[in-house]
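Student: The structure's right below; bear with me while I get my questions together.
This is the structure we're talking about:
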C-alpha cells in the first residue's frame, strides 16, 4: 500500500531545470495520473513538469487538509517511535550529550541547545525534545501547526521556512523528517537551513530511499512513488545536494527491507536486517554538518 497522499488532480505546472541545472531527462516511473523522470546528468528522480509552489502550498488549505491532520494524530505515536529510532541510528544521542555539555560550559545565559524541526506536523517530536531540555522551534504549514501551538504550547510557525526570517546562526540542530521530497526547491531549502544553523551545526534529513530494495522491486508501484512527492532521492543524489549547499555528510543509515504485511514475520525480519546492514532500506536518514564560515 502506498504512503498517504493528496488525491491526484490537475494543477498548474511547468518544466523546470533539475537542481543540477540540466534540462535533459529520461522516463523513470510511470504512475497512475503522473510520472517521474530521471535527470540524465545527475540521476535525480523527480516529477517534472511539476506543480508550481503556489499549488503545492494550496493543497494544505483544501478540504483534505483536515483528513491529513487526522491521519497524523492517529499515527503520531508510531511515527514518533520511528523518528526516535532513526535519530538513534544517526547518533543523535551522542550529539545531544555533547551539545548539553557544551552549553553548560559556555558563558551564556541560555544553557539549552536549540533545535528547529521543519515540517514538525503535530509537534510530537518537539514535545519530546522539549521534555529533555532542548529549546525548540517548529515550522509547519499544515493544520498541525495550530494543534502543536494550542494543544502542546509549542513555538511552531505556520509559514514556509524562508518566510520566517530566522536570524543566521540561530540553531544547533535542524531536523527535517519526510519533508524534502515534498519541496519544489530542495536546494534553496538546504541553503536556508544551512544559513540558520550555527557553524558546525547539524542537519538530520529523513526521506524515502529510491536506491533501496523496495523501490527497485516495485518500481512505479513503490509506496513512496506518490503524487505528493516531487523528488525521490538516493543516498548519492541527496548527499551531492547537501554538499552543494554547504554541508559535510557524516553518516547515512537506512532501514526497512519489506513493509508490514508484505511478508510473514519469518521472512520480514531477516529482510529488514539485511536491508539495514547493506544500506538498501526503504527509508534513509542522513546526518550532515555545516561547514564553518558559511554565509
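In the numbering used here, the protein residues as written are 1116 to 1410. Yeah, the Cβ is synthetic: ideal placement off N, Cα and C, and Gly gets one too.
Using only CA atoms, which one of 1283, 1256, 1367 lies nearest to residue 1407?
Tutor: 1283
Student: Hey, quick one: how far does the alpha helix (DSSP H) through residue 1311 stretch, first residue to last?
Tutor: 1301 to 1311
Student: Which whole-angstrom value describes the C-beta separation of residue 1276 and residue 1254, a residue pair presumed to lie in contact below a C-beta threshold of 8 Å?
Tutor: 5 Å
Student: Would you mind working out which of 1339, 1296, 1149, 1148 sits nearest residue 1320, comparing C-alpha positions?
Tutor: 1296
Student: Comparing alpha-carbon positions, which option in 1398, 1335, 1358, 1382 lies nearest residue 1147?
Tutor: 1335
Student: Once the 5 residues before and after residue 1153 are set aside, which same chain residues still bring their CB inside 6 Å of it?
Tutor: Hits under 6 Å: 1141, 1143, 1160.
Student: Any chance you could list the alpha helix (DSSP H) runs of at least 4 consecutive residues sitting entirely within the region 1168 to 1206, in chain order?
Tutor: 1168 to 1174, 1179 to 1204
Student: With distances taken Cα to Cα, identify the nearest neighbour of residue 1134 among 1312, 1175, 1305.
Tutor: 1305
Student: So, at 6 Å on beta carbons, what are the nonlocal neighbours of residue 1251 in its own chain, with the 5 sequence-adjacent residues on each side left out?
Tutor: 1230, 1241, 1244, 1245
Student: Applying the 10 Å Cβ sphere with the 16-neighbour rule, what's the burial state of residue 1234?
Tutor: buried
Student: Just how far apart, CA to CA, sit residue 1410 and residue 1163?
Tutor: Model confidence at residue 1410 stands at a pLDDT of 48, short of 50, so the residue's coordinates are unreliable and nothing is read from them.
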